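Asks:
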Amino acid sequence: MTTALQTPFDVAAIRRDFPILGRQVNGSPLIFLDSAASSQMPQVVIDRLVQYQTHEHANVHRGVHTLSQEATTAYEGVRRKVRELIGAKEDREIVFTRGTTEAINLVAHGYGRSFLGAGDEIILSALEHHANIVPWQMLCEDKGCVIRVIPMDDRGVLDMDAYRELLNERTKFVSVTHVSNALGTVNPVGEIIRLAHERGVPVLVDGAQAAPHMRVNVQELDADFYTFSGHKMCGPTGIGILYGKAELLEKMKPWQGGGDMILSVSFEKTTYNAIPHKFEAGTPPIAAAIALGAAIDYLQAIGLDAIAAYEHELLAYATERVGAIPGVTIIGTAPEKAAVLSFVIDGVHPHDIGTILDQEGIAVRAGHHCAQPVMKRMGVPATARASFAFYNTRAEVDALVAGISTVKEIFG
Ligand code: PLP
5 MTTALQTPFD
15 VAAIRRDFPI
25 LGRQVNGSPL
35 IFLDSAASSQ
45 MPQVVIDRLV
55 QYQTHEHANV
65 HRGVHTLSQE
75 ATTAYEGVRR
85 KVRELIGAKE
95 DREIVFTRGT
105 TEAINLVAHG
115 YGRSFLGAGD
125 EIILSALEHH
135 ANIVPWQMLC
145 EDKGCVIRVI
155 PMDDRGVLDM
165 DAYRELLNER
175 TKFVSVTHVS
185 NALGTVNPVG
195 EIIRLAHERG
205 VPVLVDGAQA
215 APHMRVNVQE
225 LDADFYTFSG
235 HKMCGPTGIG
245 ILYGKAELLE
255 KMKPWQGGGD
265 MILSVSFEKT
275 TYNAIPHKFE
285 AGTPPIAAAI
295 ALGAAIDYLQ
305 AIGLDAIAAY
315 EHELLAYATE
325 RVGAIPGVTI
335 IGTAPEKAAV
345 LSFVIDGVHP
355 HDIGTILDQE
365 GIAVRAGHHC
375 AQPVMKRMGV
385 PATARASFAF
395 YNTRAEVDAL
405 VAGISTVKEI
415 FG
């Protein structure tokens, strides 16, 4: 591994680890400001994928032969790495999923269908990604439970007094995002969990935008469930994590049936495997899981605290520079933010911003960011969103600022 461990943060060395950052797009060097959608992979992660596919590929948990045992060891080794990364108590509290979306659906299905019923209330926040809204709505349609929403102010900060009032004897579940993908707000999830626990209510935290950007400790937070996606933290697509407290996972029903999740099957009766395997039916994304292990090693070698500090400084710089451009409005101005800068330009549709910036090799996201209720609350149909990772630089922020000037000239 070539990563620089020097202090101060050696972003030039880090960038050399990411082959894609060397490419050109539309004749300009790529400036990738869309890591909230999916981050890039360093060479070590790509190498791990190739190594597995070239020399180690076999199914897990099934064979006595050497390759299968090696694959199983590597796959289960990543479960341990994830456990260490997020400070979980036991390996069996880590369930591999396809991503955050699947993890939340698993809980809505496996916990919601068994333990929530008509009239029960589920509290979400106004900042949720669709992945943390729709599975609960589907549950409510089937079971007659009701969604309540913690409102937010014009900066994108949750109203904690309103949350305290929403909590009542009918509240049976709380599911909130740690960091908003649309605005970047960092929610006070520790406090949200503490207040829910005072009433014995379990809490799921959607950590898709937090796990790549800060140190997360599920035991310190006392989260009941915590979810995130590999592809947003330098790993491949198709792999994600559901953390769940063992006692909750144990009492949940499996949500998909098939191979690997059983102990015995007859036409009369099936008995289920122990957690976490009870929730991992069928052949899992073995290669993706193993490569996620390499991504975790990579992030930890740099250090999540160092990443958080660097990105914080970069976001502050970007906020200052982009916010100073006349006609530009930053959407989402919470005091606690991570890695996301959403903005609009007077008289220009965000899609046009995205298209023009792309002509200069600058990749930003334009649209509703799978968070339509957030857009509605902020009074915009869509935003342009620059999202940062530890491989971005101040020079790239300067290029974004120049790109925004070009957009304004074209529409001027
Ligand atoms: N939750 C948040 C906050 C997200 O930002 C995303 C993806 O953008 C998701 C959930 C869904 O993640 P995935 O598409 O990896 O399942």
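Residue 5 is where the sequence shown starts when you use the working numbering, and the numbers rise one by one after that. Even for Gly, the Cβ is constructed at its ideal location relative to N, Cα and C. Because the structure is a prediction, the values reported are computed rather than measured.
(1) What three-state label does DSSP hand Val205 in the structure shown?
(2) Is it buried or exposed, Thr105, if we count other Cβ atoms within 10 angstroms and call 16 or more buried?
(3) Let me confirm a value: Ala403 is counted as buried when at least 16 other C-beta atoms fall within 10 Å, else exposed. Which label applies?
(4) First and last residue of the beta strand (DSSP E) that includes Thr76?
(5) If you draw a straight line from the C-alpha of Ala16 to the C-alpha of Gly242, how long is it?
(6) Quick check on the burial criterion: 16 or more other C-beta atoms within 10 angstroms. Buried or exposed for Val348?
(7) For ligand 1, I want to know if Asp38 counts as a neighbour, meaning its beta carbon is within less than 7 Å of at least one of the ligand's heavy atoms.
(8) Judging by CA-CA distance, which residue of Ser409, Pro280, Trp140, Glu340 is the nearest neighbour of Val180?
(9) Drop a sphere of 10 angstroms on the beta-carbon of Asn221, count the other beta-carbons inside from all chains shown, and report buried for 16 or more, exposed for fewer.
(10) Quick check: the Cα distance between Lys176 and Glu400, rounded to an integer number of angstroms?
(11) Using C-beta distances below 8 Å, list every residue in its chain close to Val29, excluding the 5 sequence neighbours before and after it, in chain order.
(12) Checking 8 Å against the spacing of the C-beta atoms, do Arg152 and Glu125 come in under that value?
(13) Could you give the DSSP three-state label for Ala375: helix, strand or coil?
(14) Looking only at DSSP bridge pairs, what is Phe347 linked to?
(15) Pull up the distance between the alpha-carbon of Gly358 and that of Lys85, whole angstroms please.
(16) So does the region 293-313 actually touch the region 264-279, counting three or more Cβ pairs closer than 8 Å?
(17) How many Å lie between Asp165 and Leu252 at the Cα?
(18) Note down the Cα distance separating Val411 from Phe232, rounded to an integer number of angstroms.
(19) Based on the DSSP secondary-structure assignment, which residues constitute the bridge partners of Gly248?
(20) Whose C-alpha, out of Gly194, Leu131, Met142, is nearest the C-alpha of Gly116?
(21) So Thr410 is in the alpha helix (DSSP H); what residue range does that whole segment cover?
(22) To which residues of the same chain is Met237 closer than 7 Å at the C-beta, ignoring the five residues directly before and after it?
(23) Would you say the beta carbon of His133 is closer than 7 Å to some non-hydrogen atom of ligand 1?
(24) For Arg219, I'd like the list of residues in its chain whose CB is within less than 8 Å of its CB, leaving aside the five on either flank, ordered along the chain.
(25) Please classify Gly239: is it buried, with 16 or more other beta-carbons within 10 angstroms of its beta-carbon, or exposed?
(26) Among the residues of its own chain, which have a CB less than 7 Å from the CB of Pro33, if the five just before and after it don't count?
(27) Does the distance from the CB of Val99 to the CB of Gly248 come in under 8 Å?
(28) Indicate, with yes or no, if ligand 1 has a heavy atom lying under 7 Å from the CB of Ala212.
(29) Quick check on the DSSP output: the beta strand (DSSP E) that includes Lys176 runs from which residue to which?
Replies: On the basis of the supplied data:
(1) Here the question's residue 205 lines up with position 201 in the sequence shown. If DSSP states are grouped into helix, strand and coil, Val205 belongs with coil.
(2) The residue you call residue 105 lines up with position 101 of the sequence shown. Of the residues assessed, Thr105 falls on the buried side of the cut-off, its CB having 16 or more other CB atoms within 10 angstroms.
(3) Counting from 1 along the sequence shown, the entry for residue 403 is found at position 399. Looking at its Cβ environment, which holds 16 or more other Cβ atoms inside 10 Å, Ala403 is buried.
(4) Position 72 of the sequence shown, counted from the first residue, corresponds to residue 76. Here Thr76 belongs to no beta strand (DSSP E); instead the alpha helix (DSSP H) covers 70-90.
(5) Taking the first residue of the sequence shown as 1, we reach residue 16 at position 12. Taking the first residue of the sequence shown as 1, we reach residue 242 at position 238. Between the C-alpha atoms of Ala16 and Gly242 there is a straight-line separation of about 29 Å.
(6) The residue you call residue 348 lines up with position 344 of the sequence shown. Looking at its Cβ environment, which holds 16 or more other Cβ atoms inside 10 Å, Val348 is buried.
(7) Here residue 38 refers to the residue found at position 34 when the sequence shown is read from its first residue. Not one heavy atom of ligand 1 sits closer than 7 Å to the Cβ of Asp38.
(8) The residue you call residue 180 lines up with position 176 of the sequence shown. For the options Ser409, Pro280, Trp140, Glu340, the alpha carbon positioned closest to that of Val180 is the one of Trp140.
(9) Walking along the sequence shown from the start, residue 221 turns up at place 217. Exposed, by the Cβ-count rule.
(10) For the purposes of this step, residue 176 is identified with residue 172 of the sequence shown, where counting begins at 1. For the purposes of this step, residue 400 is identified with residue 396 of the sequence shown, where counting begins at 1. Going by the C-alpha atoms only, they are around 45 Å apart.
(11) Residue mapping note: residue 29 aligns to position 25 of the sequence shown, counting from 1. For Val29, the CB contacts under 8 Å within the same chain, skipping 5 residues up- and downstream, are Asp362, Gly365, Ala367 in chain order.
(12) In the sequence shown, counting from the first residue as 1, residue 152 sits at position 148. In the sequence shown, counting from the first residue as 1, residue 125 sits at position 121. Contact: yes.
(13) The residue labelled residue 375 in the question sits at position 371 within the sequence shown. Coil.
(14) Numbered from its first residue, the sequence shown carries residue 347 at position 343. Partner(s): Ile334, Ala388.
(15) As a working mapping, residue 358 is identified with position 354 in the sequence shown. As a working mapping, residue 85 is identified with position 81 in the sequence shown. Spanning the two alpha carbons is a distance of roughly 37 Å.
(16) Between the region 293-313 and the region 264-279, the count of C-beta pairs closer than 8 Å stays below three; the two stretches do not touch.
(17) Within the sequence shown, residue 165 is the residue found at index 161, counting from 1. Within the sequence shown, residue 252 is the residue found at index 248, counting from 1. Going from the Cα of Asp165 to the Cα of Leu252 covers about 28 Å.
(18) Residue mapping note: residue 411 aligns to position 407 of the sequence shown, counting from 1. Residue mapping note: residue 232 aligns to position 228 of the sequence shown, counting from 1. Counting only the Cα atoms, Phe232 lies some 34 Å from Val411.
(19) Taking the sequence shown and counting its residues from 1, the one referred to as residue 248 is at position 244. Its beta-bridge partners are Phe229.
(20) Counted from its first residue, the sequence shown places residue 116 at position 112. Minimum Cα distance to Gly116 is reached at Met142.
(21) Position 406 of the sequence shown, counted from the first residue, corresponds to residue 410. Residues 398-415.
(22) By 1-based counting over the sequence shown, the position of residue 237 is 233. Contacts found: Ser43, Ala215, Pro216, Ala299, Leu303.
(23) One-based indexing of the sequence shown puts residue 133 at position 129. His133 Cβ: within cutoff of ligand 1.
(24) Here residue 219 refers to the residue found at position 215 when the sequence shown is read from its first residue. The answer, listed in chain order, is Leu308, Asp309, Ala312.
(25) Looking up residue 239 in the sequence shown gives position 235. Result: buried.
(26) Along the sequence shown, one-based indexing puts residue 33 at 29. The beta carbon of Pro33 lies closer than 7 Å to those of Gly365 in the same chain, with the five residues before and after it left out.
(27) Numbered from 1 along the sequence shown, position 95 holds the residue referred to as residue 99. Numbered from 1 along the sequence shown, position 244 holds the residue referred to as residue 248. Using a Cβ distance threshold of 8 Å, Val99 and Gly248 count as a contacting pair.
(28) Residue numbering aside, residue 212 sits at position 208 when the sequence shown is read from its first letter. Flag set: Cβ of Ala212 near ligand 1.
(29) Locating residue 176 in the sequence shown gives position 172, where the first residue counts as 1. Secondary structure note for Lys176: its beta strand (DSSP E) is the uninterrupted segment 175-181.
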